[in-house]
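To start, the structure under review is shown below, and the notes come after it.
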Amino acid sequence: TLHAHVPASALEGLEEFSHCWLLFLFHENTDFHASVTREIGKTGKTGAADGPRTTTRGKIRVPRLNGEKRGCLATRTPHRPCPIGLSLVEIVSVGERWLDVAGADVVNGSPILDVKPYVPYSDCNA
1 TLHAHVPASA
11 LEGLEEFSHC
21 WLLFLFHENT
31 DFHASVTREI
41 GKTGKTGAAD
51 GPRTTTRGKI
61 RVPRLNGEKR
71 GCLATRTPHR
81 PCPIGLSLVE
91 IVSVGERWLD
101 VAGADVVNGS
111 PILDVKPYVP
121 YSDCNA
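Rendered as structure tokens:
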């Protein structure tokens, strides 16, 4: 369902596509609030600010690789420097203020940031 600030006309024409991309927020990420950039050092030992830092780990253990570590950006983990996900879904139907999709790899209730039509000639790797 669209937020009130998004005009219903924003969905017009989407029914002409078979699939679309959903950009969403990993809102149930266990370190969501800690993963945002923060300034540290002001209360550190030196008392001087040493610039922005992130609490996101560079490498994570990948279950499908028997726990082998990989760079977080080389995986599908929700634990990312910017916790935004992307899912290709099938469009089932489009209403005046809603979109029904199938095959979403998204937790129910996740905030959807954007919807983009899937265009095979430009979205597929040829």
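Quick note on the UniProt record's numbering: the sequence shown kicks off at 1 and runs consecutively.
Note that the Cβ used here is the ideal one computed from N, Cα and C, for glycine as well.
First and last residue of the uninterrupted beta strand (DSSP E) at residue 105
Element bounds for residue 105: n/a, residue is neither H nor E.
Find out if the Cβ-Cβ distance for the pair residue 88, residue 24 is shorter than 8 Å.
no
Is there at least one Cβ from chain C nearer than 8 Å to residue 124's Cβ?
Reference to chain C is not applicable here, since this structure consists of a single protein chain.
Thinking C-beta only, is residue 85 closer than 8 Å to residue 26?
yes
With three or more beta-carbon pairs closer than 8 Å as the criterion, would you say the region 92-100 touches the region 2-20?
Taking a cut-off of 8 Å on C-beta distances, the region 92-100 touches the region 2-20, as three or more cross pairs fall below it.
Residue 117 lies in the beta strand (DSSP E); which residues open and close that run?
112-117
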